[in-house]
Amino acid sequence: MLLLVEQILNGLLVGTYYTLLALGLSIIFSLGGVVNLAHGAFYAVGAYCIVMLTESLGFVGAFITTPILVGLLGIFVERFFIRRLYSKDPILTLLFTFGLAMSVEQSLRLIFGASGIPFSIPTFLSGQLVIGDFLYSYYRLSILAVTVFSIGGLWLLFNKTSFGLVMRAGVADAEMVQAMGISIKPILSAVFAIGVGLAAVAGSMSASLTGVQPAMGNDILTAAFVICVLGGLGSFWGVVFAGLLVGVIKGVTALYIPPAAEGSIYALMVLVLVFRPRGMFGTRFERLD
Amino acid sequence: MANINKTVSRRNFLKGGLGGATAIAAGTFGAPTIVGAADDTIRVGHVTPRSGFLGTLGDYGFRGVNLAVEELNAAGGILGREVDLFSEDSVGSAVAPTKAQKLIEKRKVHFLIGEISSGSGGGIMATANRLKTMYMQTGCNSDALRGEKCNPYSFHIEAGNTMYTKTIGNWQNRAGNVKGKKFYMLTADYAFGHDLAKVSTRFLTENGGTVMANELVATNTPDYSPYILKIKAANPDFVYINLAGADQTTFLKQYKEYGLDFAVSGGVMDTAGFWAAGIESITGYWQSLWYHGMDTPSSKAFAEAFTEKYKKPPENQAWGDYIGVKIMAAAMEEAKSTDPAKLIPLLESGMQFDILKPRKGYFRKWDHSLLQQMFVVKVKDKADMKDEWDIFEIVEASPGDSENLELIQPTQAENMCVFG
Chain C
3 MLLLVEQILN GLLVGTYYTL LALGLSIIFS LGGVVNLAHG AFYAVGAYCI
53 VMLTESLGFV GAFITTPILV GLLGIFVERF FIRRLYSKDP ILTLLFTFGL
103 AMSVEQSLRL IFGASGIPFS IPTFLSGQLV IGDFLYSYYR LSILAVTVFS
153 IGGLWLLFNK TSFGLVMRAG VADAEMVQAM GISIKPILSA VFAIGVGLAA
203 VAGSMSASLT GVQPAMGNDI LTAAFVICVL GGLGSFWGVV FAGLLVGVIK
253 GVTALYIPPA AEGSIYALMV LVLVFRPRGM FGTRFERLD
Chain W
6 MANINKTVSR RNFLKGGLGG ATAIAAGTFG APTIVGAADD TIRVGHVTPR
56 SGFLGTLGDY GFRGVNLAVE ELNAAGGILG REVDLFSEDS VGSAVAPTKA
106 QKLIEKRKVH FLIGEISSGS GGGIMATANR LKTMYMQTGC NSDALRGEKC
156 NPYSFHIEAG NTMYTKTIGN WQNRAGNVKG KKFYMLTADY AFGHDLAKVS
206 TRFLTENGGT VMANELVATN TPDYSPYILK IKAANPDFVY INLAGADQTT
256 FLKQYKEYGL DFAVSGGVMD TAGFWAAGIE SITGYWQSLW YHGMDTPSSK
306 AFAEAFTEKY KKPPENQAWG DYIGVKIMAA AMEEAKSTDP AKLIPLLESG
356 MQFDILKPRK GYFRKWDHSL LQQMFVVKVK DKADMKDEWD IFEIVEASPG
406 DSENLELIQP TQAENMCVFG
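Protein sequence lines correspond, in order, to chains C and W. Each residue of the first sequence is one higher than the last, beginning at 3 in the working numbering. Each residue of the second sequence is one higher than the last, beginning at 6 in the working numbering.
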């Protein structure tokens, strides 16, 4: 019984990591209407950035700089490539981001080599917290903090700023916003930048937990998609809930049927989609224009 | 009437003869326009995964085989012919056999070399056997490939799981670390992992140890925390990992993150995975097929040439693919032929090769396993590292200088192979 409770609590903690992975992807899709198959690539770029910058800026400095740099890269990509494709068949943005993902991965391989680069948890975040019989690592707790901060920051941005107001209006009715003389273009750039910036944050936090190698984005891309679909496309809190659920499901499955742990989230997704195709909290499907 | 025979002019005879020969040749090769050119080069078919959790190792294999071909061509080729390298990404076990077939049938390679995944390796072996092409297998650890799935066209340069297990197991046994100890196993959930777990369990229990649990973990698992918590609850003497490729790195980093103090050992060790984990995350004694810090002249020459070309030292996978090509080259020169009908008996006769280790290696006749030394290595203290790749010191060679090379190999009772 204790083991089960332990796995559930750990699952919730790990779930915040999964939420962080999926948040950027969800934002770009819900608000920008773009299926960003390059999400994993920006995640990988974030990881490489923090590894390269930590030496000169320290972990905290690198952690703050990485999403800014990747966000700028995102603005560049959106402004010069994706913007041309909004009015066209949605398949084109999908194809573009897919091609971008492959290009980025191969570029990383060319620049850094195919081998993993070592990167450890910074000393000030290492160590473990023991509460009774339960063991947590400080690093995972810091991921929890980063996720909470990101979610809080996004909520404030969307609901308490004029930027957020225009963005929500643009999602509801882009034509009306433009008819009122407000340019929607910088909003779309900002959305994309925030989305890839969040992917980079997830990547930079992952660098200490997994190997940093060019293909690292592929491992999490599917999981991120599953979480977005589970939570419901178009739902902000759905992603949060789905991330936590995935963490718990994986942990509990690992306790009882280890070989099924990784596959359990796909089984869950199938189950949810059969009974509720829009995902747990998704809005009903409307045509994406 | 007798004159009719003489009306077959020489011109017509030559035309007919040439046409017939072309037709026969075309029928044999299946490519009517390339007759003649096919015999000018020696063609090497390299398959290895270049993506996924084994992609990093595959990259080393690719570089190793490229260096070997480059060196051979600089020295005049094989049998005076230039060596051509065709390299394919085997991707996974579903795709690997078709890539092997493509190399044999379309590229007309003289032999296949490479692969890392035992799942893919089995398929490539079957293809090579079916199409009567030799295959130097350089990365698949599963004993079954040398045992129940063996075939006469396949040769095994990579050590099998039994060899890895016996190398570290014998050493740990002598150090008193097996008898009466409890082991918690984490095993990669595919052919290699299952095989290694079976072999490791057999060795540990035969020598008085207990395997508390054997968790099957999917490859590419990003988060090991559920398993680490289970290990904490189980309280073993050793955590024993049977994980492959990048999964070794992920587990070692996260195990360090949780700060448990159970010692870690395992049935396999890939240097590339340990480099990627970083010196802070690794400890203990491990088994290694080879190591770039080896102090023999030919080994140092290879390590230096590789480092100069690729700006980083070779990993074991590079060693395997490199010597695989060199072994085939030496065999072809000795036999003065590329015909498997001559090469296979030559290799089976015990022809010795410089495999960049203190002792030479040769193939065992009944299962084509390379009889070779392996090594027990210890993770260095950070302060003793000469550079970022200098993570091990070699503790001992196994078998030792005067011991029988069969000491670490599976016996016929353990892993029977019959070339049907």
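C-beta atoms are modelled at their ideal positions from N, C-alpha and C, and glycine is treated no differently. Since this is a predicted model, take the numbers as computed values, not measurements.
Of the residues W/Ser-98, W/Gln-177, W/Thr-138 and W/Met-168, the one whose Cα lies closest to the Cα of W/Phe-160 is W/Thr-138.
One Cα belongs to W/Ser-123, the other to W/Leu-294, and the distance between them is close to 17 Å. In the structure shown, W/Lys-383 falls within a strand segment according to DSSP collapsed to helix, strand and coil. Between W/Lys-187 and chain C, the shortest Cβ-Cβ separation is not below 8 Å. Residue ranges of uninterrupted beta strand (DSSP E) with 3 or more members, entirely inside the segment 176-247 of chain W and ordered along the chain, are 187-193, 215-222 and 243-247. Bridge pairing for W/Trp-291: W/Val-382 [DSSP]. Secondary structure note for C/Phe-283: it is in no alpha helix (DSSP H), with a DSSP letter that is neither H nor E. Shown here, W/Ile-162 sits in coil according to DSSP, grouped into three states, outside any helix or strand. The segment 106-120 of chain W and the segment 362-372 of chain W do not touch, with fewer than three beta-carbon pairs separated by less than 8 Å. Between the alpha carbons of W/Gly-63 and W/Ala-101 lies a gap of roughly 13 Å. W/Ile-118 carries a strand assignment under DSSP once its states are collapsed to helix, strand and coil.
Considering only beta carbons, the part of the segment 116-145 of chain C lying closer than 8 Å to chain W consists of Ala-116, Ser-117, Gly-118, Ile-119, Pro-120, Phe-121, Ser-122, Ile-123, Ser-128, Gly-129, Gln-130, Leu-137, Ser-139, Tyr-141 and Arg-142, in chain order. W/Pro-318 has a beta carbon lying at 8 Å or more from every beta carbon in chain C. With a 10 Å radius around the Cβ and a threshold of 16 neighbouring Cβ atoms, C/Ile-184 comes out exposed. If the five residues before and after C/Gly-166 are omitted, its C-beta is found closer than 6 Å to the C-beta atoms of Leu-159 and Phe-160, all from its own chain and listed in chain order. Among the residues facing chain C, W/Ala-223 is included, as its CB has a counterpart in that chain under 8 Å away.
If you check the CB distance, W/Tyr-169 and W/Gln-292 come in under 8 Å.
For W/Gly-366, the beta-bridge partners assigned by DSSP are W/Phe-358. Any Cβ of chain W closer than 8 Å to the Cβ of C/Thr-212 would place that residue at the interface, and such an atom is present. One thing to note: C/Ala-195 has its Cβ no nearer than 8 Å to the Cβ of C/Val-106. Per DSSP, the unbroken beta strand (DSSP E) holding W/Phe-91 starts and ends at 87-94. About 4 Å separates the beta carbons of C/Gly-197 and C/Ile-30, which is inside the 8 Å limit, making them a contact pair. Exposed is the label assigned to W/Ala-306, since fewer than 16 other Cβ atoms lie within 10 Å of its Cβ. At a beta-carbon threshold of 7 Å, none of the residues of chain W lie near C/Glu-57; the nearest stands roughly 13 Å away. Inclusion of W/Val-52 and W/Asn-146 in the CB contact set at 8 Å is not warranted, their separation being larger than that value.
Within chain W, the residues Pro-231 have their CB atoms less than 7 Å from the CB of C/Gly-253, given in chain order.
Contact check for W/Ile-328 against W/Ile-162 passes: the beta carbons are separated by less than 8 Å. In the three-state DSSP reduction, W/Gly-50 falls in the strand class (E or B). Residue contact check for W/Lys-258 against chain C: a CB pair falls below 8 Å. For W/Pro-54, not one C-beta of chain C is nearer than 8 Å to its own C-beta. The three-state secondary structure of C/Leu-27, taken from DSSP, is helix. One finds Pro-227 in chain W with Cβ atoms closer than 8 Å to the Cβ of C/Ile-222, taken in chain order. For the pair of segments examined, the segment 243-261 of chain W was found not to touch the segment 15-27 of chain C: the number of CB pairs separated by less than 8 Å stays below three.
At a cut-off of 8 Å, the C-beta of W/Thr-210 has no neighbouring C-beta in chain C.
Taking C/Leu-257 as the centre and dropping the five residues before and after it, the same chain places the C-beta of Leu-5, Leu-6 and Gln-9 closer than 8 Å to its C-beta, in chain order.
For the pair of segments examined, the segment 167-187 of chain C was found not to touch the segment 227-234 of chain W: the number of CB pairs separated by less than 8 Å stays below three.
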